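Below is one structure, written out as structure tokens, with a few remarks after it.
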Amino acid sequence: MIKNPLRFPGNYLVRTDFGARGRFVVIQPIASALPDERLMAAILRSDGVAARQALGQMKDPVLADRFYIHGAAGNLVALTYERIKELDLELELAPQQLSNGQPLLPALRQQAMAAPAVSARLDGMLAQLNDWLSELAGNVVWLKGPVLARTLYPRPHFRLSLDLDLLVRTGAEVPVVERLIGSGFEPIWDNPGACHQTGVGPVGTIENLAIAPWKEFEFCHNLCLTRPDWPLIELKFDPLERGLRMKELGRFFDDCRRLAWQGRTYSVPAILDHLLLELTHLHKHGFSGWAWLYDIHLLCREVSLTPGAWAELLHRVQLEGVEASAWAALDLVRDRLGTPVPPIVLEELKPRATGLLPRCLTFTTNPEFLWNSASLPQLWLSTCFLGDSQRKRAALRRCMLPPRDFLSRYYLNGRPLSWWMYPVVLTVHWLVLALPGGLVRRTFGRLLWGRA
2 MIKNPLRFPG NYLVRTDFGA RGRFVVIQPI ASALPDERLM AAILRSDGVA ARQALGQMKD
62 PVLADRFYIH GAAGNLVALT YERIKELDLE LELAPQQLSN GQPLLPALRQ QAMAAPAVSA
122 RLDGMLAQLN DWLSELAGNV VWLKGPVLAR TLYPRPHFRL SLDLDLLVRT GAEVPVVERL
182 IGSGFEPIWD NPGACHQTGV GPVGTIENLA IAPWKEFEFC HNLCLTRPDW PLIELKFDPL
242 ERGLRMKELG RFFDDCRRLA WQGRTYSVPA ILDHLLLELT HLHKHGFSGW AWLYDIHLLC
302 REVSLTPGAW AELLHRVQLE GVEASAWAAL DLVRDRLGTP VPPIVLEELK PRATGLLPRC
362 LTFTTNPEFL WNSASLPQLW LSTCFLGDSQ RKRAALRRCM LPPRDFLSRY YLNGRPLSWW
422 MYPVVLTVHW LVLALPGGLV RRTFGRLLWG RA
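Right under this line is the structure:
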């Protein structure tokens, strides 16, 4: 995998995971990016001239690999192939080969031709899952790809999804999970990617996942359920997924709208809220992912059609304290796809940090404020550079001296916490708070919560 020297407008550093998770790179304007990036952006913009210019510089098969793996062959494969035909790029793409010798264009065509069947199969799963949760329909909101594919994309198979994201209303977590288990799904408790508390806290029940040192923390960061021949069902318990509860969570649910699709109705976020959660989601994934970027592009176009909507989005971003995430994602989508983002919005959201180190730390800091996984240095950097600082400082204070009941439930499975055990358990708690989750899972976390 070749290196990816990208630079953000304004020389802000960000993290991407093109090839190596956690590698720090610099994002630069699309005009100076590598040819595969420029080609993918030009195709999504329907810019034939820019696409041909990029193709003329794609001499290395590794660039074709990058274009195929990180862009064209992803969740937008059918849309990408359709644009290639519309721009009459097939002749120019025909000589391109992947590193394994396979011609690029037939590989794209094969996946694009399969996309309608994949989308139709997903339709059936959406309907079946909707029926299983019908008694709890008011407590479940459908998010991201499956929703946007059926509202903003010209055809549903233009936006495929690898999993199904469902937001669960506070108080309905247990019945929703029990209903899914009764429908043949099984929670994944032994994988930190599917249940972040694995190895750093008690798992096995929804009640265990709800144990936290402060009420402002998320109920649970994520919980995935699996069933044979189904995509993962990923339950979300907060729209922004950043460790702290969304301040306007009640309003988010109240503003949800109904989507009618093939004889059934689904609860989905309002346009502004959907854009807000996509902006934070893109930051969480290191600003990589063309599907999410194009989702944001389409949502921004919808926002631009409503007078006053940008001002309201700005208000919500500032209220939730996610200015850095929103600015970076909006600036990126404006640069890559020519998205109509008002300059005043970017100016209001732009980070005010000056100097190389603050700029680096603004976007290399993990935006997920997870008290038991992110490590104390990461939490402190998030407090200093990623907004909502007052609430994050309060969270850290609460974490340092949490209630005795929390320590008993989290570390002793509810057993009484005697006076002589208190300093021992508190020290263990400080270690969980201070160390990265990956280190805790591989050391004393196995003794406390098993080898999950």
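Numbering-wise (this note's numbering), the sequence shown opens with residue 2 and increments by one. C-beta atoms are modelled at their ideal positions from N, C-alpha and C, and glycine is treated no differently. Because the structure is a prediction, the values reported are computed rather than measured.
Excluding sequence positions up to five before and after aspartate 274, its CB lies within less than 7 angstroms of the CB of Pro240, Phe253 and Asp256, all in the same chain and listed in chain order. In this structure, arginine 160 and leucine 149 form a Cβ contact; the two beta carbons are roughly 6 angstroms apart against a cut-off of 8 angstroms. With fewer than 16 neighbouring CB atoms inside 10 Å of its own CB, alanine 121 falls in the exposed class. Cysteine 225: member of the beta strand (DSSP E) spanning 224-227, first to last residue. Proline 341 and glycine 446 have their C-alpha atoms roughly 48 angstroms apart.
With contacts defined as CB atoms closer than 8 angstroms, leucine 144 and aspartate 166 qualify as a contacting pair. Annotated three-state conformation of tryptophan 143 is strand, per DSSP. When DSSP states are grouped into helix, strand and coil, tryptophan 262 belongs to the strand group.
Judged by beta-carbon spacing, tryptophan 450 lies within the 8 angstroms limit of proline 203, meaning their Cβ atoms are closer than that value. Restricting attention to Glu136, Gly200 and Ser184, the CA atom closest to the CA of leucine 448 is found in Gly200. In this model, glutamine 111 and arginine 317 are separated by some 42 angstroms (Cα to Cα).
If the five residues before and after proline 107 are omitted, its C-beta is found closer than 6 angstroms to no C-beta atom of its own chain.
If you look at valine 169, you'll find it in the beta strand (DSSP E) that goes 164-169. In this structure, proline 176 sits away from leucine 226, with a CB-CB distance that is not shorter than 8 angstroms.
Within a 10 Å sphere around the beta-carbon of methionine 41 sit 16 or more other beta-carbons, which makes this residue buried.
Between the stretch 31-41 and the stretch 51-62 there are three or more inter-stretch CB-CB distances shorter than 8 angstroms, so the stretches are counted as touching.
Between aspartate 132 and the set Gly183, Val63 and His298, the nearest pair of CA atoms involves Gly183. The residue among Asp124, Asn209, Leu153 and Gly139 with its C-alpha nearest the C-alpha of glycine 415 is Asn209. A direct Cα-to-Cα measurement between proline 343 and tryptophan 328 gives close to 12 angstroms. Valine 201 carries a coil assignment under DSSP once its states are collapsed to helix, strand and coil. Distance from the CA atom of alanine 128 to the CA atom of glycine 264, rounded to whole angstroms, is 9 angstroms. With contacts defined by Cβ atoms closer than 8 angstroms, serine 383 and leucine 436 do not form a contacting pair. Within the DSSP bridge table, the entry for tyrosine 267 names Leu260 as partners.
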